[in-house]
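Chemist: Encoded as structure tokens, here's the structure I'll be asking about.
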Amino acid sequence: MRGNLVPITLLFLALASGLGIAWLSQNPEAPVLRRAEGWPIVGPVATWFREAYRPPASTPEWRETTTPGGPGARRPPHGYPEILETSDGVSPPWPGPPEWVWVLPDTVLRTDPSQDAPIAETMSSIANLPRIERRGDWFKVWRQRELLWVHLPDHPDDDGPPLGSEPDPPGPLWPRGPDADKLAAARSLLGEREQRGTLGPYDLYTDIGDGDLLTWLETAVEGLEPAYVERYGRNPLGTPKAAVVLFADEAAYRILQLQVDRLVGLHAAGHNSRGLAALFVGGLPRDEVAATLLHELVHFLNRRALGPALPPWLDEGLCDDLAGSRVGEDGGIRPRELGGRRVRREWGMDFTAASASLWSAHQANREGKLPPLRTLLSLDWDAFVRSDQSRRHYDLSALFVRFLIDGEGGRNAEGFRAYLDTVANGGDVGAETLRGHLDRSWDDLDESFRTWITTEARKLLQ
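Residues 14 to 475 in our numbering are what the sequence shown lists, from first letter to last.
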């Protein structure tokens, strides 16, 4: 029963205090709310909350007219920006959300499509506004519950961003400390049990009372950056300033996770955001806790050594490669050894952590279900993370990095490190750039990688 009281209490307090309630109101199908319906005490509250904020089954229409009191408006149902609604029922000729218009800083929004009309607002930053109507170079837009007009004589015909959509070239960034608001939200979930300390060079906030676990984790963290430098040949800028929040219970972590938009619908074991890494222990074995912790901290190292906006296979692959290393009883990281355990079952052998990832890739390889490397390396973040194959994407990316560093007697290591140098210097991050540094064809890489997976998987049975 104690295992249920903790999440019940935390969810009740979160709803009562408003923590995460805005996110929950926009995401009434969140797994934590669905599970909460079966809990005692707060089950009826969770059911009411989901019903109150459930989106309509049909796609709403965008309607816009003029009323004596000005344009009427209400908050939109889940999944839509702003819905214009007035009493006479006049609708534009399109269903669903309108098109969009980009505006730059210092752009003037007026009450009417005339340079003589009163100024309603001067934009302070780049924004993407719902576009309701166009009259020549004048655009009617929806801005903070008002219908306004903006004059854009040079607006692109394709409605793309005014400064282009190509990302800035990546490059190493100096370390940053945790966002004050995010840290405060995380610490509020620790409550009176909060303890402050360090994990290597990182500040630690936790409610863990297991000193042996914390000491073991600290040793692993202290060895992480030296292992990164040796393995990938990149020196991160500066010294770490980020913080770690380590929860004893999963429920507290899940409430914090609700506040991170990009993790909506994902069952993450940990995450990092604006200089803060968060994860939980729960009932997990300590090697799995260490793997999650190291994974999140490598994200910070990637930012300091390579830069932001990395391809997901590279960012997550580097993280899982080091996180998948064996951590010894003394807390030392052994990057060339794969982590995870072998567990004998009645039906045969079972594997955990990184060893399970390797065995799963081996099975998929035998069944002809591995995607071509060129496809994997071309996935954007949504396709990488929000696919039903996301776990395989993570596994294969980490294994591919391990193959490039350790496989075939280190044949590819120099080319891979040269690619990392190119990325850090603001060069092209694409798959073809990597292939060029390796000086191999895609067919050759695919065949060699799959052969390596088979060879490494067989070692698990020895």
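Just so you know, even glycine gets a beta-carbon here, dropped at the ideal spot from N, CA and C. Nothing here was measured: the structure is a model prediction, and the numbers come from that model.
Assign Ile466 to one of three DSSP states: helix, strand, or coil.
Modeler: Within the sequence shown, residue 466 is the residue found at index 453, counting from 1. The DSSP-derived three-state label of Ile466 is helix.
Chemist: Nearest-angstrom Cα distance between Asn425 and Glu329?
Modeler: In the sequence shown, residue 425 corresponds to position 412, counting from 1. In the sequence shown, residue 329 corresponds to position 316, counting from 1. The alpha-carbon atoms of Asn425 and Glu329 are separated by roughly 19 Å.
Chemist: Who pairs with Leu165 in a beta bridge, going by DSSP?
Modeler: As a position in the sequence shown, residue 165 is number 152, starting the count at 1. None, per the DSSP bridge assignment.
Chemist: Would Glu238 pass as a contact of Leu314 if the rule is Cβ separation under 8 Å?
Modeler: Here residue 238 refers to the residue found at position 225 of the sequence shown. Here residue 314 refers to the residue found at position 301 of the sequence shown. In this structure, Leu314 lies closer than 8 Å to Glu238 by Cβ.
Chemist: Do you know how far the Cα of Arg244 is from the Cα of Arg347?
Modeler: One-based indexing of the sequence shown puts residue 347 at position 334. One-based indexing of the sequence shown puts residue 244 at position 231. Whole-angstrom Cα-Cα distance: 11 Å.
Chemist: With DSSP as the reference, label Asp452 as helix, strand or coil.
Modeler: The sequence position of residue 452 within the sequence shown is 439, counting from 1. In the structure shown, Asp452 sits in coil (DSSP, three-state: anything other than H, G, I, E or B).
Chemist: Going by other Cβ atoms of all chains shown within 10 Å of its Cβ, with 16 needed for buried, is Glu112 buried or exposed?
Modeler: Translated into the one-based positions of the sequence shown, residue 112 becomes position 99. Burial call: exposed.
Chemist: Which same chain residues, not among the five before or five after Ser286, have their C-beta less than 7 Å away from its C-beta?
Modeler: Looking up residue 286 in the sequence shown gives position 273. Excluding sequence neighbours, Ser286 sits near Lys195 and Val273.
Chemist: Determine the contact status of Thr232 and Gly344, defining contact as a CB-CB distance below 8 Å.
Modeler: Residue mapping note: residue 232 aligns to position 219 of the sequence shown, counting from 1. Residue mapping note: residue 344 aligns to position 331 of the sequence shown, counting from 1. Yes.
Chemist: If you run the structure through DSSP and keep just helix, strand and coil, what is Trp187?
Modeler: Along the sequence shown, read from residue 1 onward, the residue named residue 187 stands at position 174. Residue state, collapsed to three classes: coil.
Chemist: What are the uninterrupted segments assigned as alpha helix (DSSP H) that are 4 or more residues long and contained completely in the stretch 219-298, given in chain order?
Modeler: 224-235, 237-245 and 263-270
Chemist: Can you tell which of Arg471, Thr446, Leu202 and Leu447 has the C-alpha that lies nearest to the C-alpha of Ile221?
Modeler: In the sequence shown, residue 221 corresponds to position 208, counting from 1. Here the closest residue by C-alpha is Leu202.
Chemist: Per DSSP, Asn141 is paired with what?
Modeler: If you number the sequence shown from 1, residue 141 lands on position 128. Trp115.
Chemist: Given a threshold of 16 other Cβ atoms within 10 Å of its Cβ, counted over all protein chains shown, does Trp326 qualify as buried or as exposed?
Modeler: On the sequence shown, position 313 is the one that residue 326 refers to. Trp326 is buried by the Cβ-count criterion.
Chemist: Do we get a CB-CB distance below 8 Å when we pair Arg339 with the residues of chain D?
Modeler: The question asks about chain D, but that chain is absent: this structure has only one protein chain.
Chemist: Pick from Asn141, Tyr215, Leu122 and Ala281: whose alpha carbon is nearest that of Val258?
Modeler: Here residue 258 is taken as the residue at index 245 of the sequence shown, counted from 1. Considering only alpha carbons, the answer is Tyr215.
Chemist: Quick check on this structure: which residue in Thr252, Ala282 and Ala255 has the alpha carbon closest to the alpha carbon of Asp262?
Modeler: As a working note, residue 262 is residue 249 in the sequence shown. Comparing alpha carbon positions, the residue from Thr252, Ala282 and Ala255 closest to Asp262 is Ala282.
Chemist: Are the beta-carbon atoms of Val302 and Leu331 separated by less than 8 Å?
Modeler: The residue you call residue 302 lines up with position 289 of the sequence shown. The residue you call residue 331 lines up with position 318 of the sequence shown. No; because the gap between Cβ atoms is not below 8 Å, this pair is not in contact.
Chemist: Taking buried to mean at least 16 other C-beta atoms within 10 Å of its own C-beta, is Ser127 buried or exposed?
Modeler: As a working note, residue 127 is residue 114 in the sequence shown. With fewer than 16 other Cβ atoms within 10 Å, it is exposed.
Chemist: Asp441: buried (16+ other C-beta within 10 angstroms of its C-beta) or exposed?
Modeler: Position 428 of the sequence shown, counted from the first residue, corresponds to residue 441. Per the 10 Å Cβ criterion, exposed.
Chemist: Hey, Leu161 and Thr124: beta-carbon distance below 8 Å or not?
Modeler: What you label residue 161 is simply residue 148 of the sequence shown in a count that begins at 1. What you label residue 124 is simply residue 111 of the sequence shown in a count that begins at 1. In contact: Leu161 and Thr124 (Cβ atoms closer than 8 Å).
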